[in-house]
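Below is one structure, written out as C-alpha cells; the observations come after it.
There are 2 protein chains.
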Amino acid sequence: MTGRGRHTGRTGPVVRRALRLLDAFSARRPELTLSELARHTGLPLATAHRLVTELCAWGAVERGADGRYRVGLRLWELGALAPRGQGLRERALPFLEDLAQITGENAQLAVREGSELVFIERVAGPSAVPVLTRVGGRFALTATGVGLVLLAHAPAEVQEDVLGGPIDRYTSRTVTDPARLRHLLAAVRSTGFSISDRQVTLDALSVGAPVRDRHGQVVAAVSLVVHHGSAAPHALAPLVRTSARAISRALGAPPDRPTTR
Amino acid sequence: MTGRGRHTGRTGPVVRRALRLLDAFSARRPELTLSELARHTGLPLATAHRLVTELCAWGAVERGADGRYRVGLRLWELGALAPRGQGLRERALPFLEDLAQITGENAQLAVREGSELVFIERVAGPSAVPVLTRVGGRFALTATGVGLVLLAHAPAEVQEDVLGGPIDRYTSRTVTDPARLRHLLAAVRSTGFSISDRQVTLDALSVGAPVRDRHGQVVAAVSLVVHHGSAAPHALAPLVRTSARAISRALGAPPDRPTTR
C-alpha cells in the first residue's frame with residue numbers, strides 16, 4: 322500500500338467514472354444538466370462537476386448557452402475514425418444507395434457490439450416502410466434480418482448468452498423460443514441469408530446477408546426492409562446477398578465464400 | 322495536503338492522460354500499437370497499457386486481431402449524438418445533395434472548433450473538382466469559403482488569435498496578410514457570402530454562406546467548391562445563400578436575417 326500503489330489503483334476508477342458520465346448521454350437524453358448527469362451516473366455533484374469540466378476542456382462534452390451539456394464535436398470527429406463505424410459506412414454507402422434505389426425500400430447496415438447490434442447506416446428508398454431504427458442506435462440481435470445474420474456468425478459464447486437471456490418480443494410473430502431461434506440461425510449459416518418476417522413490426526419484413534472482411538470474417542450485415550406482402554423474401558435474398566457480397570469485395574474479402582464462421 | 326485533496330488533484334491528470342491517448346489517433350494514424358500509443362502520448366508504457374485497457378473495456382478503443390488499437394464503435398455511437406456533428410449533418414444533408422446535384426459540383430458543410438474548422442459533410446456532384454477535405458477532418462479558417470464565413474462570425478478573440486498567428490499558405494493566391502483578411506471578413510459579413518478564389522488549390526474556387534440556428538447565431542457554413550473558370554463566384558452566391566438559408570430554416574432560424582454576428 323505505497324503511494325504509488327494507491328495511484329495505480331486510482332487510474333481505473335477515475336477513467337471509468339469519466340466514461341460513465343459519457344454513458345449518461347443517449348438518443349433520448351442528448352442534453353443533460355449537471356445535476357441530471359450526477360443523478361444518471363450516481364456520482365456526487367462535485368465529482369461530476371470536476372469530471373465534466375475535464376471532458377469539456379478536451380471537447381468530449383460541450384456546454385450550451387442554456388447551461389446544458391451535450392456530446393461534443395471532438396467525440397464526433399474521433400468517432401469518424403472508427404473503422405467499424407465511419408470507415409465501414411463509407412465503403413458500404415454506394416451499395417446501400419443502389420439497393421434502396423432499385424427496390425424503393427430501406428437498406429440497412431449493422432454491426433454487432435457485444436450482445437446487441439448497432440445500426441451504421443440506413444438508406445430509405447422512395448417507397449420505404451417506416452422503421453424503428455436510428456443510425457448509431459442499438460437493437461436486439463434476435464429480431465431483425467441484420468441481427469439474425471450477426472448472431473448466426475457470433476462466437477458461441479455470445480450466442481449462448483443471447484439465447485439464454487430474456488428475449489424481447491416486439492410483435493406476436495417475434496421468435497422468442499431459444500430452440501426455434503437456434504434453427505433459424507443454422508438456416509442463416511447454411512443459406513447465406515436471414516428472414517425476419519413481421520418480427521419487429523407487423524407491416525414489415527427484412528432479409529439480411531453477411532458482409533465479410535479480407536479475412537473472410539463476418540463483420541457486418543446488410544438488410545432490405547420491405548412492406549410485408551410486397552415481395553416474397555426468397556425473391557429478395559439474391560438482391561441482398563449480391564449487395565452484401567459487393568460490400569465484402571470493397572472490404573477486400575476473398576471471392577469464394579468461406580465455410581468458416 | 323490531505324488524502325482527499327490528493328485524490329481530487331489526481332482526477333484531472335488521469336482523465337487528461339486517457340483523453341491524450343485518444344488524441345493519438347488521427348486520419349493518418351487510425352491504428353496504433355501499444356508502444357506507438359506510448360510514444361505519441363509521451364506516457365510510460367505501463368501507464369499507456371493501463372489506460373488503454375480501461376478504454377478498451379468501455380469500447381472507446383478496440384484491439385484488432387493484429388494487436389493494434391483503433392477507435393472503437395462505442396465512440397462512433399456516442400459521436401453520433403453530437404448535435405453539432407451528426408444532428409446538423411442529418412438536417413443539412415438533403416439540401417447539400419440538392420446543391421451538389423443541381424450544380425454537379427461539391428457541396429460542403431463545416432463548423433468552427435476553436436481556431437479551426439471541421440468538415441461535417443461533403444457531397445460530390447457528378448462533375449466535382451477533387452478537394453482536399455475529409456468528413457471529420459480539420460482545416461484552417463483562413464483559406465476556404467466555409468472557413469472565411471466561420472471566421473467572419475467568430476468571437477473577436479478567435480479572430481484576433483487566428484489573424485495574429487501564423488497563417489498557412491496553400492497556393493500563390495492564398496491571402497495571408499492579416500489586413501487583407503480583415504477586409505475579406507468584413508465583406509463576408511456585409512454581403513452574406515464568402516469567396517475563396519484558388520486559395521486552397523489553383524484549380525478550384527469556393528463560395529460560402531452562413532447557417533444560423535434558432536437564435537440567429539452562425540453555427541455552420543455551407544460552400545460550393547467548383548472548378549476555377551467554370552462559373553463566376555457572384556453567380557454562385559445566390560445558390561449557396563439559398564441553400565444555407567434552407568438549412569437555417571430547418572434548424573429553426575428566424576426568417577429575417579439578423580444583424581447580429
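Going down the list, the protein sequences come from chains A and B. Using our numbering, read the first sequence as starting at 322 and increasing by one per residue. Using our numbering, read the second sequence as starting at 322 and increasing by one per residue. C-beta atoms are modelled at their ideal positions from N, C-alpha and C, and glycine is treated no differently.
Taking CB atoms only, Phe460 (chain A) has no neighbour in chain B less than 9 Å away. Taking each of A:Ala541, A:Val521, A:Glu442, A:Val452 in turn and checking the Cα distance to Ala473 (chain A), the smallest one comes out for A:Ala541.
Beta-bridge annotation (DSSP): Tyr390 (chain B) is paired with B:Leu353, B:Arg384. For Ala348 (chain B), the chain A residues whose C-beta falls within less than 7 Å of its own C-beta are Leu402, listed in chain order. Between the stretch 556 to 564 of chain B and the stretch 430 to 446 of chain B there are fewer than three C-beta pairs closer than 8 Å, too few to call the two in contact. Going by beta carbons, Ala403 (chain B) and Val392 (chain B) fall outside the 9 Å limit. Secondary structure note for Arg459 (chain B): its beta strand (DSSP E) is the uninterrupted segment 459 to 461. Contiguous beta strand (DSSP E) elements confined to the stretch 403 to 483 of chain A occur at 427 to 434, 437 to 445, 459 to 461, taking only those with 3 or more residues. By the Cβ criterion, the stretch 457 to 470 of chain A is in contact with the stretch 501 to 509 of chain A, since at least three pairs of Cβ atoms, one from each stretch, lie closer than 8 Å. In the DSSP annotation of this structure, the continuous segment of the alpha helix (DSSP H) that includes Arg562 (chain A) starts and ends at 554 to 571. Beta-bridge partners of Leu396 (chain A) (DSSP): none assigned. A Cβ of chain A is located within less than 9 Å of the beta carbon of Leu376 (chain B). Between the alpha carbons of Leu358 (chain A) and Gly457 (chain B) lies a distance of about 27 Å.
For Val335 (chain A), the closest Cβ of chain B is nearer than 9 Å.
In its chain, beyond the 5 residues on either side, Val528, Pro554 have a beta carbon closer than 6 Å to the beta carbon of Ile516 (chain B). Residue pairing for Ile488 (chain B): DSSP places it in no beta bridge.
Under the Cβ criterion of 9 Å, His474 (chain B) is not counted among the residues facing chain A. Our two residues, Ala413 (chain B) and Ala571 (chain B), have alpha carbons roughly 8 Å apart in a direct line. Per DSSP, the continuous beta strand (DSSP E) segment holding Leu526 (chain A) begins and ends at 525 to 533.
Only residues of its own chain outside the window of five on either side were considered, and among them Leu438, Val439, Phe440, Ile441, Phe460, Thr465, Val467, Gly468, Leu471, Ala541, Ala542, Ser544 have a CB closer than 8 Å to the CB of Ala431 (chain A), listed in chain order.
In this structure, Ser356 (chain A) sits near Leu366 (chain A), with a CB-CB distance shorter than 9 Å. Pairing Leu399 (chain A) with Gly550 (chain A), the inter-Cα distance amounts to about 42 Å. At a Cβ-Cβ threshold of 9 Å, Val547 (chain B) and Leu526 (chain B) count as neighbours. In this model, Ser511 (chain B) and Arg395 (chain B) are separated by some 43 Å (Cα to Cα). For Ala475 (chain B) against Arg433 (chain B), the beta-carbon gap comes to about 6 Å, under 8 Å, which counts as contact. Residue-level contact check: Gly380 (chain A) touches chain B, since one or more beta carbons of chain B fall below 9 Å from its beta carbon. Judged by beta-carbon spacing, Val561 (chain B) lies beyond the 9 Å limit of Leu409 (chain B), meaning their Cβ atoms are not closer than that value. Across the structure, Glu352 (chain B) and Leu343 (chain B) are spaced so that their CA atoms are roughly 11 Å apart. Residue burial is scored here from C-beta neighbours: Pro576 (chain B) has fewer than 16 other C-beta atoms within 10 angstroms and is therefore classed as exposed. DSSP places Val521 (chain A) outside any alpha helix (DSSP H), giving it a letter other than H or E.
Assignment of beta-bridge partners to Ala542 (chain B) by DSSP yields B:Ala431, B:Pro531.
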